[in-house]
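Numbering (this note's numbering), first residue to last: 14 to 698.
Idealized CB from N, CA, C, for every residue including glycine.
Here the structure is a predicted model, which means the values were calculated and not measured.
Read the structure below first, then the notes.
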C-alpha cells in the first residue's frame, strides 16, 4: 500500500512539474509575443529563439508521452506476430520507453517542419495579410490606432492587465478569421491613407504650396497690370469721346494758367523788391570782394587789348554764376571795374545778376514794369506754355496765350496718345500679353495662357479645372482627393502581393516569417493544451484504476481550480473574449456559419488562455523557468555564445529538416523552399 501511494505521489509530482512547465511556457510565450518587433530584433532576439526551441521540446514531450501511453504495445510492435500480452511487463515498458524517445526525437523537429511548411504553403494574399496584421499590431501596440467598429476589442486592449494577450494574438486572430482580416485590411487601408495623406500634405507644403503661391503671385500681378491698363484705356477713351470733358479740362487749364501767371508775377515782383537785402550779405563777403579785386587788377594792369579785357569779364561773370547764390545770372556786360568802391561794385553786379535770373525764369522783358504789360508780351506765352507742358499738355513753341483752341486740340491729342500708347505699353510689360482689352476678371481667368502658365509653374501639382484665386486649403483637399490613395493602396496590395510575395519575390521571406508569427502562437498554445489535457486524462484514468481514488479526485480538483475556475471567471466577465468573438462573428460572419463557430471556439480558447495568463502571469514558477531558459553566456566581444547542449540540438534540428525538407511539399503542395529561420517569431527586416 505504501508503495502504491508513493507511486501515485510520484505520478502526481511528475504531472504537476510538467504542467507547471507548460503553464510557464504559455505565460512566457505571451510575454515575448507582446513585445515590439524592435525589441525582438534587438535585446530579445535570443530569448525568442530559446523559447521557440523550449516550446517544441516541451510540447513534443507531452504529446509523445500521451500518444505512446494511449497506443497499445501490440500496435507499437506491429511487425511481431505474438500478442502484446505475451510480453513481460518490463519488456513492454522498455518498448514504450523506446517508442516515446523515438517519437519525441522525431516530433520536436517535425513541429518546426510543419510550421515551416504551412507558412510556405500560404498564398501571396495570405502572406500580405499577415504582414498587414503585424504592421497594424505594431501601431496598436504603440496606441497609435484603434480597430474601427470593434469597440469590445479596443476596450480589452486598453486594459493593461489583458493587453499583452490581445497584442500577442492579434496576428493569429487576423490569420484565423476572414472577417477580422478584412476588418484589419480596411483599418490598415485607412491608416495607410492617413499616413500617405500626411506625407502628401507635407510634400505639398514643401513643394506644391510654393509653386501655387508663385503662380498666384504671377496671376494677381498680371491681372492687376491688365485691369489697370484696361482702366486707363477706358478712361482715355471716355474722355476722348466726351466733348464736355474735353472742354471742361481745357477751361481748367486756362484757369490754371492765369492763376499760375498771377502767382508768377507776384513772385517776380517780390524777388525784385528783395534783391537789395538778399545780396547784401554776398556783396560784403571778403572772399567775393578779394576775387573781384583780382579780376579788376587783371583788367586794369595786365590787359593791353580789348580782347583780354572782355575775357576777364567773361571769366569773372562765370565765377560769380558758379557760386551758390540763389537766383543769380551775371553776364559779362554786368561786370564793372570803374567807379564806386569794391563793395558797391559787387553789389551792383549781383543786383543785375539777380534781375537777369528773375527775368529769365519768369520770361519778363527788361522794359516791362506792370502785370498787364507782361500779359501782352511774348514772354508770358512761353511761360504759360512751359507750365502747360508740366501739366501734360504739349503746345507748339510759338503758341500765343490767347489761343485756347490750341489747348483744346492738345488735350484731345493727349487722350488720343494715351489710347494709342496704353496697350502697347501693357504688352511690353506683361508676360500674358493679352490682346483683347475688353475682358472681365472671369474671362481673364479662362485664358489659355493662364492654364499654360499654371501647368508650367505647378508641374505635377497642377489639377484640371484649376481656378485662379482658389484658396490654398481647398486646392490641397482637391489635390489629395485626386491622388485616390485608397485605390492606389488596393491596387498596390493586389498587384504587388502576387509578385512580391510569390516564390522568388522580394518580399517572399518576409511574408513567410509574418505567417509564422501569426500561426506559431495559436499553434503553440493549442499543442500545449492538447498535451496537458491528454496527459491529465491519462493520469486520471491511471490513478483511478490502479491507485486509491483520492489521487484521481485530487488531480481533477487541482486541474479544476487551476484551469477551469480562471477560465469560468474570464468567460463570465463583462468583457469576455467569448462574448466579444460571438458578437464579432454575428456582425462580420452573418452568412458563414462555419466561421461563426470557429470564432466562438477561438473566443473560448482566448478566455482559457486569458484566465491562465491573468491568474498566473506573476507566479514565481514562471521566473524559475525563465531564469535558466534566458540565461546567456557572452564572449569577450559581448556576443551571445550558445551552450553545447543548445548548439547540439540546433545541429540536429537543422539536419532533420534538411533530410526531410521534401515532406511539407507533399502535405501542403508547394515547391522547394529556403532554409528555416530558427526564430519563427521574427520578421526579417
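Output yes or no for whether 9 Å exceeds the beta carbon distance between residue 444 and residue 235.
Counting from one through the chain shown, the residue named residue 444 turns up at place 431. Counting from one through the chain shown, the residue named residue 235 turns up at place 222. In this structure, residue 235 lies closer than 9 Å to residue 444 by Cβ.
What did DSSP end up calling residue 647 once you bin it into helix, strand or coil?
Start at 1 with the first residue of the chain shown, and residue 647 comes out as number 634. Residue 647 falls in the strand class under three-state DSSP.
Evaluate the contact criterion for the region 184-202 versus the region 593-605: three or more CB pairs, one atom per stretch, below 8 Å.
yes
Taking 9 Å as the cut-off, decide whether the C-beta atoms of residue 118 and residue 564 are in contact.
For the purposes of this step, residue 118 is taken as the residue at position 105 of the chain shown. For the purposes of this step, residue 564 is taken as the residue at position 551 of the chain shown. Contact: no.
Could you tell me which uninterrupted beta strand (DSSP E) segments, each at least 3 residues in length, are contained entirely in the region 223-295, listed from first to last along the chain?
none
Could you tell me whether the Cβ atoms of residue 297 and residue 382 are closer together than 9 Å?
Within the chain shown, residue 297 is the residue found at index 284, counting from 1. Within the chain shown, residue 382 is the residue found at index 369, counting from 1. No, the pair does not count as a contact, with Cβ atoms beyond the cut-off.
Please classify residue 700 as buried or exposed, where buried requires at least 16 neighbouring CB atoms within 10 angstroms.
Residue 700 lies beyond the residue range present for the chain, which begins at 14 and ends at 698; the question has no answer from this structure.
Using three-state DSSP, classify residue 343 as helix, strand or coil.
Working through the chain shown from its first residue, we reach residue 343 at position 330. In the structure shown, residue 343 sits in coil (DSSP, three-state: anything other than H, G, I, E or B).
What are the uninterrupted segments assigned as alpha helix (DSSP H) that are 4 or more residues long and contained completely in the region 343-394, given in chain order?
355-375 and 384-388
Can you check which of these residues, 116, 182 and 105, is closest to residue 143 by C-alpha distance?
Against the chain shown, residue 143 aligns to sequence position 130. Ranking 116, 182 and 105 by Cα distance to residue 143 puts 182 first.
How is the alpha helix (DSSP H) around residue 570 delimited, first residue to last?
Within the chain shown, numbered from 1, the residue matching residue 570 stands at position 557. Counting along the chain, the alpha helix (DSSP H) containing residue 570 begins and ends at 562-572.
Please report how far the alpha carbon of residue 363 lies from the alpha carbon of residue 423, in whole angstroms.
Here the question's residue 363 lines up with position 350 in the chain shown. Here the question's residue 423 lines up with position 410 in the chain shown. Roughly 41 Å separates the two Cα atoms.
So does residue 115 have its beta carbon nearer than 8 Å to some heavy atom of the ligand ZN?
The ligand ZN is not among the ligands present in this structure, which contains no ligands whatsoever.
Would you kindly report the start and end of the unbroken alpha helix (DSSP H) that includes residue 466?
Taking the first residue of the chain shown as 1, we reach residue 466 at position 453. From DSSP, the alpha helix (DSSP H) with residue 466 extends over 461-471.
What three-state label does DSSP hand residue 406 in the structure shown?
In the chain shown, the residue the question calls residue 406 occupies position 393. Coil at residue 406, not helix or strand.
Using 8 Å as the Cβ pair cut-off and three pairs as the minimum, do the region 195-203 and the region 615-622 touch?
no
Proximity below 9 Å, CB of residue 346 to CB of residue 326
Numbered from 1 along the chain shown, position 333 holds the residue referred to as residue 346. Numbered from 1 along the chain shown, position 313 holds the residue referred to as residue 326. Yes, the Cβ-Cβ distance between residue 346 and residue 326 is below 9 Å.
Can the beta-carbon of residue 64 be found less than 9 Å from the beta-carbon of residue 637?
Translated into the one-based positions of the chain shown, residue 64 becomes position 51. Translated into the one-based positions of the chain shown, residue 637 becomes position 624. No.
Would residue 449 be called buried (16 or more neighbouring beta carbons within 10 Å of its own) or exposed?
Taking the first residue of the chain shown as position 1, residue 449 is located at position 436. It is exposed - the Cβ of residue 449 has fewer than 16 other Cβ atoms within 10 Å.
Please return the same chain residues whose Cβ sits closer than 7 Å to the Cβ of residue 600, not counting the five positions on each side in sequence.
Here residue 600 corresponds to residue number 587 of the chain shown, with the count starting at 1. Cβ within range, chain order: n/a, list empty.
Check the C-beta distance from residue 132 over to residue 529 and give it rounded, since I have them as a contact under 8 Å.
Within the chain shown, residue 132 is the residue found at index 119, counting from 1. Within the chain shown, residue 529 is the residue found at index 516, counting from 1. With 8 Å as the limit, residue 132 and residue 529 qualify as a contact, their Cβ atoms being about 5 Å apart.
Please classify residue 140 as buried or exposed, where buried requires at least 16 other C-beta atoms within 10 Å of its C-beta.
Position 127 of the chain shown, counted from the first residue, corresponds to residue 140. Buried, by the Cβ-count rule.
Is the region 519-538 close to the region 118-129, with three or more CB pairs under 8 Å?
yes
N-terminal and C-terminal residue of the alpha helix (DSSP H) that residue 575 is part of:
Residue 575 sits at position 562 when you count from the first residue of the chain shown. Looking at the DSSP string, residue 575 is not in any alpha helix (DSSP H), and its letter there is neither H nor E.
Out of curiosity, what's the CA-to-CA distance linking residue 426 and residue 417?
The residue given as residue 426 occupies position 413 in the chain shown. The residue given as residue 417 occupies position 404 in the chain shown. If I take the Cα positions, the gap works out to 14 Å.
Return yes when the Cβ of residue 372 is within less than 9 Å of the Cβ of residue 291, no when it is not.
Along the chain shown, one-based indexing puts residue 291 at 278. Along the chain shown, one-based indexing puts residue 372 at 359. Contact flag unset, no.
Which of the three DSSP states is assigned to residue 84 in this structure?
Here residue 84 is taken as the residue at index 71 of the chain shown, counted from 1. Coil, per DSSP.
Can you check which of these residues, 138, 77 and 137, is closest to residue 111 by C-alpha distance?
For this step, residue 111 is matched to residue 98 along the chain shown. Comparing Cα-Cα distances from residue 111 to each of 138, 77 and 137, the minimum goes to 77.
Buried or exposed, going by whether 16 or more other CB atoms sit within 10 Å of the CB of residue 39?
In the chain shown, residue 39 corresponds to position 26, counting from 1. That one is buried.
Entirely enclosed alpha helix (DSSP H) segments - the region 111-160, minimum 4 residues:
137-154
With three or more C-beta pairs closer than 8 Å as the rule, is the region 215-234 touching the region 459-471?
yes
Are the beta-carbon atoms belonging to residue 270 and residue 389 less than 9 Å from one another?
In the chain shown, counting from the first residue as 1, residue 270 sits at position 257. In the chain shown, counting from the first residue as 1, residue 389 sits at position 376. Not a contact, by the Cβ cut-off of 9 Å.
With a CB to CB cut of under 7 Å and the five nearest residues on each side skipped, what residues in its chain are close to residue 545?
Looking up residue 545 in the chain shown gives position 532. Closer than 7 Å at Cβ, skipping near neighbours: 32, 35 and 75.
Between residue 177 and residue 47, which are expected to be in contact by the criterion C-beta below 8 Å, what is the C-beta distance as a whole number of angstroms?
Your numbering for residue 177 matches position 164 in the chain shown. Your numbering for residue 47 matches position 34 in the chain shown. With 8 Å as the limit, residue 177 and residue 47 qualify as a contact, their Cβ atoms being about 4 Å apart.
Residues bridged to residue 653 [DSSP beta-bridge criterion]
The count along the chain shown starts at 1 and reaches residue 653 at position 640. Its beta-bridge partners are 647.
Within 9 Å, strictly: CB atoms of residue 149 and residue 187:
Position 136 of the chain shown, counting from 1, holds the residue named residue 149. Position 174 of the chain shown, counting from 1, holds the residue named residue 187. Result yes, Cβ atoms of residue 149 and residue 187 sit closer than 9 Å.
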